[in-house]
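First comes the structure, then the notes that go with it.
Number of protein chains: 2
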Amino acid sequence: MIKNAVYAQSGGVTSVINASAYGAITAAMESRKIGRVYAGMNGIKGILNEEMFDITEEERVEIDRIPYTPGAVFGSCRTRVDLESEFERLFKVFEAFDIGFFFYNGGNDSMDTAFKVDSWARKIGFPLRVIGIPKTVDNDLLQTDHCPGYGSAAKFTAISIMEATRDLRSMHTDSTKVFIMESMGRHTGWLAASASLAGLDQFQGPQIILLPEAPFSKERFLSRVEEIIRRDGYCSIVASEALKDDTGNYISTAGSYDAFGNVQLGKIGHYLERLINSELKCKVHVSVPDYLQRSSRHVSSLTDWQEAIDVGAFAVQQALKGQSGKMIAIARTNDRPYLKEYVSVDLSTVANGTKYLPDEFICEDGFYVSEKFISYALPLIQGEAPNLFMHGLPMYESMKKKCVKKRL
Amino acid sequence: MIKNAVYAQSGGVTSVINASAYGAITAAMESRKIGRVYAGMNGIKGILNEEMFDITEEERVEIDRIPYTPGAVFGSCRTRVDLESEFERLFKVFEAFDIGFFFYNGGNDSMDTAFKVDSWARKIGFPLRVIGIPKTVDNDLLQTDHCPGYGSAAKFTAISIMEATRDLRSMHTDSTKVFIMESMGRHTGWLAASASLAGLDQFQGPQIILLPEAPFSKERFLSRVEEIIRRDGYCSIVASEALKDDTGNYISTAGSYDAFGNVQLGKIGHYLERLINSELKCKVHVSVPDYLQRSSRHVSSLTDWQEAIDVGAFAVQQALKGQSGKMIAIARTNDRPYLKEYVSVDLSTVANGTKYLPDEFICEDGFYVSEKFISYALPLIQGEAPNLFMHGLPMYESMKKKCVKKRL
Chain V
0 MIKNAVYAQS
10 GGVTSVINAS
20 AYGAITAAME
30 SRKIGRVYAG
40 MNGIKGILNE
50 EMFDITEEER
60 VEIDRIPYTP
70 GAVFGSCRTR
80 VDLESEFERL
90 FKVFEAFDIG
100 FFFYNGGNDS
110 MDTAFKVDSW
120 ARKIGFPLRV
130 IGIPKTVDND
140 LLQTDHCPGY
150 GSAAKFTAIS
160 IMEATRDLRS
170 MHTDSTKVFI
180 MESMGRHTGW
190 LAASASLAGL
200 DQFQGPQIIL
210 LPEAPFSKER
220 FLSRVEEIIR
230 RDGYCSIVAS
240 EALKDDTGNY
250 ISTAGSYDAF
260 GNVQLGKIGH
270 YLERLINSEL
280 KCKVHVSVPD
290 YLQRSSRHVS
300 SLTDWQEAID
310 VGAFAVQQAL
320 KGQSGKMIAI
330 ARTNDRPYLK
340 EYVSVDLSTV
350 ANGTKYLPDE
360 FICEDGFYVS
370 EKFISYALPL
380 IQGEAPNLFM
390 HGLPMYESMK
400 KKCVKKRL
Chain P
0 MIKNAVYAQS
10 GGVTSVINAS
20 AYGAITAAME
30 SRKIGRVYAG
40 MNGIKGILNE
50 EMFDITEEER
60 VEIDRIPYTP
70 GAVFGSCRTR
80 VDLESEFERL
90 FKVFEAFDIG
100 FFFYNGGNDS
110 MDTAFKVDSW
120 ARKIGFPLRV
130 IGIPKTVDND
140 LLQTDHCPGY
150 GSAAKFTAIS
160 IMEATRDLRS
170 MHTDSTKVFI
180 MESMGRHTGW
190 LAASASLAGL
200 DQFQGPQIIL
210 LPEAPFSKER
220 FLSRVEEIIR
230 RDGYCSIVAS
240 EALKDDTGNY
250 ISTAGSYDAF
260 GNVQLGKIGH
270 YLERLINSEL
280 KCKVHVSVPD
290 YLQRSSRHVS
300 SLTDWQEAID
310 VGAFAVQQAL
320 KGQSGKMIAI
330 ARTNDRPYLK
340 EYVSVDLSTV
350 ANGTKYLPDE
360 FICEDGFYVS
370 EKFISYALPL
380 IQGEAPNLFM
390 HGLPMYESMK
400 KKCVKKRL
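See the structure below:
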């Protein structure tokens, strides 16, 4: 019996979340066991409101531009579905649109939502297959070697700090002596750590990487910066926005919360700037890439982009095989050469969990990563994902995105 | 009579200053009228201290990597040469190294230095040809249609705001509603204005561009942001770091000065964030690319990169023709198709001057640019400069850079 499918995007975006959308959508469209392929507008919120697009109505040339587009082409959300009334409503929509497949593309909060949707379907005996498609630049999902989106943000981070460190080196003899780049990463240091990949070339890497997994001490930090300036003449630093002191408190917070109740971080770069300014009396430049770090599609990793497409397609394949309540994960089978396979893991084991940078990936003094981390991360930034440039600028999708007619 | 040449880099870097270095150095090496080709280490400061590299001693493969490298490969400086004793010393070095050609690659402060060196040579009757090679992401040099370095920083700015605005659009329904990107530009709005190029595609551009040439009013700004959020649901803003109020005072300064006495700007993004937070009560994200904006060699404009190489080579050609006291300029001869020629202009007419964004490039309400600006800037970001990627990261020069033996 042919059923329809719905795909939606949730949580903070990555530069390749749309590559996963493309993988899932095209795989679903090609399957003779799936009828219409819908996309929820702004995540599960859109499905609840019957705000959905019928992808099968879009022109193929526009669909083919999806993986070249940053952001979330169908819109994202930070909404949790928790209330019984919401689940009842959701399944009424599923019924009205004859949905048999639900693909949710997001991070740990979204995997929790997918898990709950699967549980509800089982509880009420609704024939639905739910598969989570992972994405997060934070790389903090459990059960997967790494997350689609991480490799590209890591590549942007490494290249940006290479460029900025070359800039700093040029200027340091009579101007700026310290450069600080603030890195995203809500709880974990995976993304800040990726700056170490820049260190493969001479003079290019940051000399200090500050990770939330290594408690921050003002005194130790300042003396390290001073020592490096004395040795090299300048100091290039990458600092995680989630830096904590030895009692586990954030060093610097923007003081606001997102819809999931997660604290919104930021401003660590300027905190460190003030510290160095006042204690070491030298000129500091601070870069806060913010959205640029997670949306820089123009410099995405080819490996990451391809894997993002693959996990989307694999999710559909697994659903067609009858699986549900699963998230697609990437299992690494070899480091050099890098080999991996796609597997499915229970959503319940992923939902709301956080994978921290393990101790063996952090160097002893806490100011840098270990060689093991570099072996882990380097394969993920290999290759340059293609771009569609036109008149000097990247070209993105411009689908019609006409909402389906409501049925409830 | 064969004389030696010296080339040096000065002021803030651009992502293509090394392309100009490459153009000048290879043109000088290829000329039979020039002997050794030296590069001053950290600008004129290095020449004063006899800290120079002999480029003719470097391997050709490393020289050929120079235009792929960000920063200033020979180091830059923010040092002015002003004292008589400094000029006396400089010309002693020129004499000791048999220098007949001096190429100085920099912005308006550096053109002032080049002008003074030329004047001193004339005064003491020293046979020296001095040519200034322009570079600045600020695009604020007089007498030239545009400056090498601007097109690439403009391309980075436009692409970054396209990506970030797609990100913001994805998130705005229940999370961040305002995104602010802070743009470099010490006095002028050229670089902030370039964000408008992103607007060529649908939904991608910033809806507001704040320029230092258009006085900032808190009330008008807030009501415009509110109006745009009501209309589009979100507001993407690019703000120049040099924003001023109607009395000409900077809205926000970092409160420090560089070696030329120029005020160091910054923090406008966070100022606007606080303003919007407290008045409009919505979530704001701020990006401060800082060095990333001027050093993002991985996404340089091919047009800009080629012109940067050309002005370097043209400088050598003009010097060989007997010119001195000149800066190379780009004269646009046609807009569509974009055509230009290289010319030389008197250094005295460039030194210390500043070219502001003309009124006709700013739209009437001051919150965006005019169509005329877009016609002006669009040709400058065309094409993508090549990169040398290796193992997922750009590959830069690693010349020996052995200092010459001092002779004084």
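Residue numbers (numbering that gives the first Met the number 0), protein chains in the order written: chain V, 0 to 407; chain P, 0 to 407.
C-beta: ideal position from N, C-alpha, C; glycine also.
The model shown is predicted, which means the values in this text are computed figures rather than measured ones.
| Check | Outcome |
| --- | --- |
| Where Arg293(V) meets chain P, residues with beta-carbon distance less than 8 Å | Asp166 |
| Thr156(V) at chain P interface by Cβ criterion, 7 Å | no |
| Chain-order list of residues whose beta-carbon lies under 6 Å from that of Asn351(V) (same chain, five-residue window excluded) | Asn107, Asp111 |
| Exposed unless 16 or more other CB atoms sit within 10 angstroms - verdict on Gly124(V) | exposed |
| Cross-chain neighbours of Asn41(V) in chain P, by beta carbon under 7 Å | Thr172 |
| Beta-carbon proximity check, Arg77(P) vs Leu47(P), cutoff 7 Å | no |
| Per DSSP, the bridge partner or partners of Pro66(V) | None; Pro66(V) has no bridge partner. |
| Buried versus exposed, by CB contacts within 10 Å (16 or more), Asn41(P) | buried |
| Simplified DSSP state of Lys339(V), which is helix, strand or coil | strand |
| Any C-beta of chain V under 7 Å from that of Gly388(P) | A quick correction: the sequence has Phe, not Gly, at residue 388(P). So, interface residue. |
| At least three beta-carbon pairs within less than 8 Å, the region 20 to 33 of chain P to the region 330 to 350 of chain P | no |
| Nearest-angstrom beta carbon gap, Tyr67(V) and Met394(V) [assumed within contact, 8 Å] | 7 Å |
| In DSSP terms, what Ser51(P) is bridged to | Note on residue identity: the sequence assigns Met, not Ser, to residue 51(P). Paired residue(s): Gly39(P). |
| Opposing strand residues paired with Cys234(P) [DSSP bridges] | Val177(P) |
| Beta carbon of Lys243(V) nearer than 7 Å to that of Pro211(V) | yes |
| Beta carbon of Arg303(P) nearer than 7 Å to that of Gly150(P) | Checking the sequence, you will find Asp at residue 303(P) rather than Arg. For Asp303(P) and Gly150(P), yes; Cβs fall inside 7 Å. |
| N- and C-terminal bounds of the beta strand (DSSP E) containing Val283(P) | 283 to 286 |
| Proximal residues of chain V, C-beta to C-beta of Met161(P) below 8 Å | Pro69, Leu392, Pro393, Tyr395 |
| Gln381(V) at chain P interface by Cβ criterion, 7 Å | yes |
| Val287(V) burial status per 10 Å Cβ neighbour count (16 or more: buried) | buried |
| Chain V within 7 Å of Val298(P), Cβ atoms only | yes |
| Inter-stretch contact (C-beta, 8 Å, three-pair minimum) for the region 143 to 159 of chain P and the region 298 to 317 of chain P | yes |
| Contact set for Glu359(V): own chain, Cβ-Cβ below 7 Å, skip 5 residues either direction | Ser369, Lys371 |
| Distance between Glu218(P) and Val315(P) (C-alpha atoms, nearest Å) | 52 Å |
| Cβ-Cβ distance between Val136(P) and Gly70(P) below 7 Å | no |
| Validate contact between the region 227 to 246 of chain V and the region 183 to 197 of chain V using beta carbons, cut 8 Å, 3 pairs | yes |
| Chain-ordered chain V contacts of Thr78(P) [CB-CB under 9 Å] | Thr172, Asp173 |
| Which of helix, strand or coil DSSP assigns to Asn107(V) | helix |
| Where Arg59(V) falls, given that 16 or more other Cβ within 10 Å makes a residue buried | exposed |
| Three-state secondary structure assigned by DSSP to Gly254(V) | Here Gly254(V) scores only 46 on pLDDT, less than 50, and its place in the model should not be relied on; the value that follows carries that caveat. Strand. |
| DSSP beta-bridge partners of Cys402(V) | Phe52(V) |
| Cβ neighbour criterion (16 or more within 10 Å) applied to Ala330(V) | exposed |
| Simplified DSSP state of Pro378(P), which is helix, strand or coil | helix |
| Under 7 Å between C-beta atoms of Ser19(P) and Ala307(P) | yes |
| Distance cut-off 6 Å: Tyr6(V) Cβ against heavy atoms of the ligand SAH | The model on display carries no ligand, and the ligand SAH is accordingly not part of it. |
| Neighbouring residues, chain P, relative to Tyr290(V) (Cβ below 8 Å) | Glu162, Ala163, Asp166, Leu167, Phe178, His284, Ser286 |
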